[in-house]
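Numbering (the working numbering), first residue to last: 1370 to 1659. Glycine included, each C-beta is placed from N, C-alpha and C at the ideal position. Reviewing the structure listed below.
Below is the structure:
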């Protein structure tokens, strides 16, 4: 019999990302309350946006949560206020501030909007952190959302640091479409029209490791080295995952749709087959003449 935790994680990976919160709540509150902590710590949920005391938007997730409070990367304070909340060491907090500024520029360049947040925490052999980016687009009745969660670990080894990165991208889009169909009834044939919805969504997780040089001549140069290295590995991973999502979602969807329903009518298909037959006949005639 399959382990309940493995089965639950496998199920959640196959459900729409925009419904992860509801499905996770159903599992943890009703079906598997004993696995609540394991599930909550293992499942990436769509990121939520809050506004701190400085009127700055930031992203909330399990990595900046302490109890029921969330820490802002800009003010370093918890909301609701928490007197003994977990915070990075002063040295790491300085790096966290610089990384938030750097990824805020990155977000503006690549996403032209959205919200980003970076959170760091101390580990025994170095430090770890998460880079979060969320972009939503509500264009009238259409809705789209992109959530990136990049969790990394840095292990310093002399003049080098080894980075381990786990990236998850959650993407979903919904668009209403007009639907019309032929109907037949007691009064005769006619047309019925209405509105349906096309929904496309899913998530993808990838891992990568990289060793990169550090400049330890000063605290500022060391911090800059980490920002450059982490920025590069996150940037490369996002580009790769974006291309993969394009292939998996859009190309595959187009192939399936083409296999199910052709855009050409019967007359067009008959002309195409007749042209194929004519070409085959001409080729056979050339071979006989030769």
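Helix, strand or coil, according to DSSP, for residue 1455 in the structure here? Correct three-state label for residue 1455: coil.
Inter-residue Cα distance where the pair is residue 1516 and residue 1441: Spanning the two alpha carbons is a distance of roughly 18 Å.
To the nearest angstrom, how far is it from the Cα of residue 1624 to the Cα of residue 1617? Near 11 Å, if we compare the C-alpha coordinates of residue 1617 and residue 1624.
Select from 1538, 1639 and 1390 the residue whose C-alpha is nearest the C-alpha of residue 1608. Residue 1538 is the option with its Cα nearest to residue 1608.
Comparing alpha-carbon positions, which option in 1534, 1511, 1527 and 1507 lies nearest residue 1519? Of the listed residues, the one whose Cα sits closest to residue 1519 is 1534.
Does residue 1554 come out as helix, strand or coil in the three-state DSSP assignment? Low local confidence applies: a pLDDT of 46 at residue 1554 is under 50, so the model's placement there is unreliable, with the coordinate-based value given in what follows. In the structure shown, residue 1554 sits in a strand (DSSP, three-state: E or B).
Would you report the Cα separation of residue 1469 and residue 1573, rounded to the nearest angstrom? Looking at the backbone, the Cα of residue 1469 and that of residue 1573 are separated by about 24 Å.
Along the chain, where does the alpha helix (DSSP H) that runs through residue 1383 open and close? It is not in any alpha helix (DSSP H) - residue 1383 carries neither H nor E in the DSSP assignment.
Residue 1588 to residue 1455 span [Cα, whole Å]: Straight-line Cα distance between these residues: approximately 23 Å.
Which residues does DSSP list as the beta-bridge partners of residue 1440? DSSP output for residue 1440 lists 1447 as bridge partner(s).
Could you check how far apart the C-beta atoms of residue 1529 and residue 1450 are, in whole angstroms? I think they sit under 8 Å. So it is not a contact: roughly 40 Å between Cβ atoms.
Spatially closest choice to residue 1387 from 1399, 1406, 1403 and 1414, by CA coordinates: The shortest C-alpha separation from residue 1387 is found at 1414.
Which of helix, strand or coil DSSP assigns to residue 1481: Note: residue 1481 maps to coil in three-state DSSP.
Would DSSP call residue 1576 helix, strand or coil? Looking at residue 1576 - three-state DSSP - the assignment turns out to be strand.
Would you call the CB atoms of residue 1569 and residue 1610 closer than 8 Å? Judged by beta-carbon spacing, residue 1610 lies beyond the 8 Å limit of residue 1569, meaning their Cβ atoms are not closer than that value.
Measuring alpha carbon to alpha carbon, tell me which of 1571, 1396, 1436 and 1463 ends up nearest residue 1444. Nearest option by C-alpha distance: 1463.
If you check the beta carbons only, do residue 1459 and residue 1489 fall under 8 Å apart? With a cutoff of 8 Å on beta-carbon distance, residue 1459 and residue 1489 are scored as not near each other.
Less than 8 Å between the beta carbons of residue 1311 and residue 1580, yes or no? With the chain represented from 1370 up to 1659, any question about residue 1311 goes unanswered, as that position is not in the structure.
Do you know how far the Cα of residue 1399 is from the Cα of residue 1465? Whole-angstrom Cα-Cα distance: 38 Å.
Burial state of residue 1510, where buried means 16 or more other Cβ atoms lie within 10 Å: It is exposed - the Cβ of residue 1510 has fewer than 16 other Cβ atoms within 10 Å.
Suppose contacts are defined by Cβ-Cβ distances below 8 Å. Is residue 1495 in contact with residue 1521 by that definition? No, they are not a contact pair.
Over the uninterrupted alpha helix (DSSP H) stretch that includes residue 1617, give me the two end residues. Boundaries cannot be given for residue 1617, as no alpha helix (DSSP H) includes it and DSSP labels it neither H nor E.
What is the rounded straight-line gap between the Cα of residue 1536 and the Cα of residue 1649? One C-alpha to the other measures close to 52 Å.
Would DSSP call residue 1379 helix, strand or coil? Of the three classes helix, strand and coil, the one that applies to residue 1379 here is helix, per DSSP.
Over the uninterrupted alpha helix (DSSP H) stretch that includes residue 1407, give me the two end residues. Secondary structure note for residue 1407: its alpha helix (DSSP H) is the uninterrupted segment 1405–1411.
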